[in-house]
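Colleague: All letters in the sequence shown, in the order written, are residues 414 to 969 by the numbering used here. Ideal placement from N, C-alpha and C gives every residue a C-beta, glycine not left out. All values derive from a computational prediction rather than experimental measurement. One structure, as structure tokens, below. Some questions next.
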Amino acid sequence: MKSDLEISQESELEPIVEVARKIGIDPEDLELYGQYKAKINFPLIKKVMNKPDGKLILVTSINPTPAGEGKSTVTVGLGDALNQLGKKAVIALREPSLGPVMGIKGGAAGGGYAQVLPMEDINLHFTGDMHAITSANNALAALVDNHIHQGNELNIDPRRVIWKRVVDLNDRALRQVIVGLGGPLQGVPREDGFDITVASEIMAILCLATDLEDLKERLSRIIIGYTYDRQPVSAGDLKVEGALALLLKDAIKPNLVQTIYGTPAFIHGGPFANIAHGCNSVLATKTALKLADYVVTEAGFGADLGGEKFLDIKVPNLKKAPDAIVIVATIRALKMHGGMSKSQLQTEDLEALRIGFENLKRHIANMQSYRIPVIVAINEFVTDTAAEMDLLIRLCEGLGVVAKKTSVWEKGAQGGTELAKAVIEVIDTNKADYTPLYQEVASIKEKTNRIVQKIYGGKGVSFTKKAENQIAEFEKNGWAHLPICMAKTQYSFSDDPTLLGAPEDFILTIREFVPKLGAGFIVALTGEVMTMPGLPKKPAALGMNVTKDGEVEGLF
């Protein structure tokens, strides 16, 4: 069986200018990064913004397991299948982070015969967006510490600086550090820490900004810390938003690549869904909607994280709700949610599948609560039996939901044709009537309780003393209207990663809130979720190499 990398390297790419022509983009509207990658320039974006929107399809999934779900693969395969049916379809995905690529999770370019290309570039440095975001984030950190060192005109309390440095790698040793050691010339000593780049507020800002002016305005609203009398200090108070925007002036432009089948794919932005909002950029999605009849996009991790955040955070900024939601599930993963160990998943077990179905059932109900039609994509594995497939389809149909087997990893576009036909029919026969989970005027506690009770299935929320104090402070500062972005384990509806399936009546603990005024949301840190992941015992990086001719080896 060929690896994803081997399939990618054997594929013949079209020049990106030809891919762009398929959706009405002329060569002069592109900024080329070689033959097969390009950025879309702002004149083209402005030119198309008065066009009507195409149909938007959101792909999400059940809670991920080590058995694999294949959300990005299904997203790519569905876009290819729509084009095979004669529809004008475009894909909109996030950029991979080097942390998971070099760690354990892998990339975000799909897999098998449902990939975006050039896969090696996309999973590594791509067009440099991640590095630009890292540079902008760390420039702000340096400017904060320099301001304190050079007299501290704004009276910033070094003990209350909340802006962290970032690096686009998993590096647990950097979670907590001390900066400024070495005497007066080296700055003011204080505790600090690193997040992973994709958890940076600047990443979230880039993905929610609508143009350069909006980007600058959002950057100016970043809260970097507090004064000695506990007043918030913003990047705008430091007058650095112009410099930060300068570092991001190219990174904000959407990237255009292609699939194995030549389907245009916008890949732009990469916020983590278990920490940030987990969706690709508003600019990329909106531009795609103006250029295509169907846009297939995905949100990170399960529907309890990326799906909820897409609908409650991205949609108000995008000004367009999905016309349909596809929930990806695998029989293997559902059996794990039903109590089977990974080593036993090749064995048929209808009872474990039936128990594990409760996880999918809750995700279906959650997405339907937004009054958007839902379809289930069953991502096929060779170990699936006919009896298991039949049972899962019947369980979905018992809820009034269409479920279609997909085999896009193995068969490419042909393996997604039935799903594509079902998506078209559902959109044509069921009008979405988007209804948000909560209203802006709800309090911080009301919003968090609503998410926990209505989406996660929990009994309620426990707030630490620190979180309680922050709620009072945020309300006093006038921030209570902002949506809540839950930072939670992706493996469970709860804040305990070992509680698989569909746990109920649990209490979710919020240990801390972080204001992200530039992004326009408040992050709620739950349980033991980390904003800087660590590497596993045997990182994927150990199997990677490059030949003397510059060919990549071991990248999935």
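From aspartate 908 to valine 942, what does the alpha carbon distance come to, in whole angstroms?
Modeller: Each residue's Cα considered, the two are about 8 Å apart.
Colleague: Which word fits leucine 594, buried or exposed, when buried means at least 16 other C-beta atoms lie within 10 angstroms of its C-beta?
Modeller: The residue in question, leucine 594, is exposed, as its Cβ has fewer than 16 Cβ neighbours within 10 Å.
Colleague: Threshold first: 3 residues or longer. Then list the beta strand (DSSP E) segments lying entirely within the segment 622 to 649, N to C.
Modeller: You should have 636 to 640 and 645 to 647.
Colleague: Kindly indicate which three-state DSSP category isoleucine 436 falls into: helix, strand or coil?
Modeller: Note: isoleucine 436 maps to coil in three-state DSSP.
Colleague: Pull up the distance between the alpha-carbon of glutamine 589 and that of alanine 900, whole angstroms please.
Modeller: Distance between the alpha carbons of glutamine 589 and alanine 900 is about 19 Å.
Colleague: Is it buried or exposed, aspartate 558, if we count other Cβ atoms within 10 angstroms and call 16 or more buried?
Modeller: Aspartate 558 should be labelled buried.
Colleague: Identify every run of the beta strand (DSSP E) within the segment 543 to 589, keeping only runs that are complete inside it and at least 3 residues long; order them along the chain.
Modeller: You should have 569 to 574 and 578 to 580.
Colleague: Measuring only the C-alpha atoms, how far is threonine 610 from tyrosine 847?
Modeller: Their backbone Cα atoms lie some 32 Å apart in a straight line.
Colleague: Could you check what DSSP says for asparagine 772 in three-state terms: helix, strand or coil?
Modeller: Helix.
Colleague: Taking just the CA atoms, how far does aspartate 417 sit from alanine 971?
Modeller: Residue 971 lies beyond the residue range present for the chain, which begins at 414 and ends at 969; the question has no answer from this structure.
Colleague: Does the Cβ-Cβ distance between leucine 930 and tryptophan 892 come in under 8 Å?
Modeller: In contact: leucine 930 and tryptophan 892 (Cβ atoms closer than 8 Å).
Colleague: Assuming alanine 826 and alanine 494 are in contact, meaning their beta carbons sit under 8 Å apart, how far apart are those beta carbons, in whole angstroms?
Modeller: That belief holds up - the Cβ atoms of alanine 826 and alanine 494 are roughly 5 Å apart, short of 8 Å.
Colleague: Could you give the uninterrupted runs of the alpha helix (DSSP H) lying entirely in the segment 653 to 729, keeping only those of 4 residues or more?
Modeller: Counting only runs of 4 or more, we get 654 to 660 and 695 to 704.
Colleague: When we look at the beta-carbon of glycine 447 and count the other beta-carbons within 10 Å, is it buried (16 or more) or exposed?
Modeller: Its Cβ having fewer than 16 others within 10 Å, glycine 447 is exposed.
Colleague: Which full runs of the beta strand (DSSP E) of 3+ residues lie inside the segment 844 to 884, going along the chain?
Modeller: If we require 3 residues or more, the beta strand (DSSP E) runs fully inside the segment 844 to 884 come out as 873 to 876.
Colleague: So, under 8 Å CB-CB, serine 474 and glycine 523 are touching, yes? Tell me the CB distance rounded to an integer number of Å.
Modeller: Wrong, their Cβ atoms sit about 14 Å apart, outside the cutoff.
Colleague: Across which residues does DSSP place cysteine 809 in a beta bridge pair?
Modeller: Cysteine 809 pairs with nothing; no bridge assigned.
Colleague: Where do the ends of the alpha helix (DSSP H) carrying leucine 495 lie?
Modeller: That run of the alpha helix (DSSP H) goes 484 to 497.
Colleague: Who are the Cβ neighbours of asparagine 454 in its own chain at under 8 Å, not counting the five residues just before and after it?
Modeller: Closer than 8 Å at the Cβ level, and outside the excluded window around asparagine 454, lie Asp442, Leu443, Glu444 and Lys666.
Colleague: Hey, proline 735 and leucine 469 are a contact pair by Cβ (cut 8 Å); roughly how many whole angstroms apart?
Modeller: Contact holds; Cβ gap of about 5 Å.
Colleague: Sort Lys435, Asn551 and Ile635 by Cα distance to proline 928 and report the nearest one.
Modeller: Checking every option, the nearest Cα to that of proline 928 belongs to Ile635.
Colleague: Does the Cβ of glutamate 419 have 16 or more other Cβ atoms within 10 Å, making it buried, or fewer, making it exposed?
Modeller: Under this definition glutamate 419 is an exposed residue.
Colleague: Assign lysine 452 to one of two classes, buried (16 or more other C-beta atoms within 10 Å of its C-beta) or exposed (fewer than that).
Modeller: Looking at its Cβ environment, which holds 16 or more other Cβ atoms inside 10 Å, lysine 452 is buried.
Colleague: Under DSSP, the beta strand (DSSP E) around serine 474 begins and ends at which residues?
Modeller: Here the beta strand (DSSP E) through serine 474 covers 468 to 474.
Colleague: Is the beta carbon of alanine 656 sitting closer than 8 Å to the one on alanine 552?
Modeller: Contact: yes.
Colleague: CB-CB under 6 Å to isoleucine 857, same chain, minus the five flanking residues each way: which ones, in chain order?
Modeller: Ile884 and Ala893.
Colleague: Under the three-state reduction of DSSP, which class applies to glutamine 528: helix, strand or coil?
Modeller: In the structure shown, glutamine 528 sits in a strand (DSSP, three-state: E or B).
Colleague: Any idea if isoleucine 726 is buried or exposed, counting beta-carbon neighbours within 10 angstroms, 16 or more meaning buried?
Modeller: Classification for isoleucine 726: buried.
Colleague: Since isoleucine 680 and valine 670 should fall inside the 8 Å C-beta cutoff, what is the C-beta to C-beta distance between them, to a whole number of angstroms?
Modeller: Their Cβ separation, rounded to whole angstroms, is 6 Å, which keeps isoleucine 680 and valine 670 in contact under 8 Å.
Colleague: Alpha carbon to alpha carbon, how far is threonine 861 from glutamate 711? Give it in angstroms, no decimals.
Modeller: Rounded to the nearest angstrom, the two C-alpha atoms are 24 Å apart.
Colleague: At 3 residues or longer, and completely inside the segment 880 to 938: list those beta strand (DSSP E) runs for me, N to C.
Modeller: Qualifying beta strand (DSSP E) stretches, in chain order: 897 to 900 and 920 to 929.
Colleague: Can you tell me whether DSSP reads lysine 824 as helix, strand or coil?
Modeller: Three-state DSSP puts lysine 824 in a helix.
Colleague: So which of Met780, Asp841 and Val472 has the shortest CA-CA distance to isoleucine 864?
Modeller: It is Met780.
Colleague: Quick check on glutamate 970: buried or exposed, where buried means 16 or more other Cβ atoms within 10 Å of its Cβ?
Modeller: The structure shown does not extend to residue 970, since the chain is modelled only from 414 to 969, so the question has no answer here.
Colleague: Roughly how many angstroms separate the alpha carbons of glutamate 626 and phenylalanine 714, rounded to a whole number?
Modeller: Cα-Cα distance, rounded: 31 Å.
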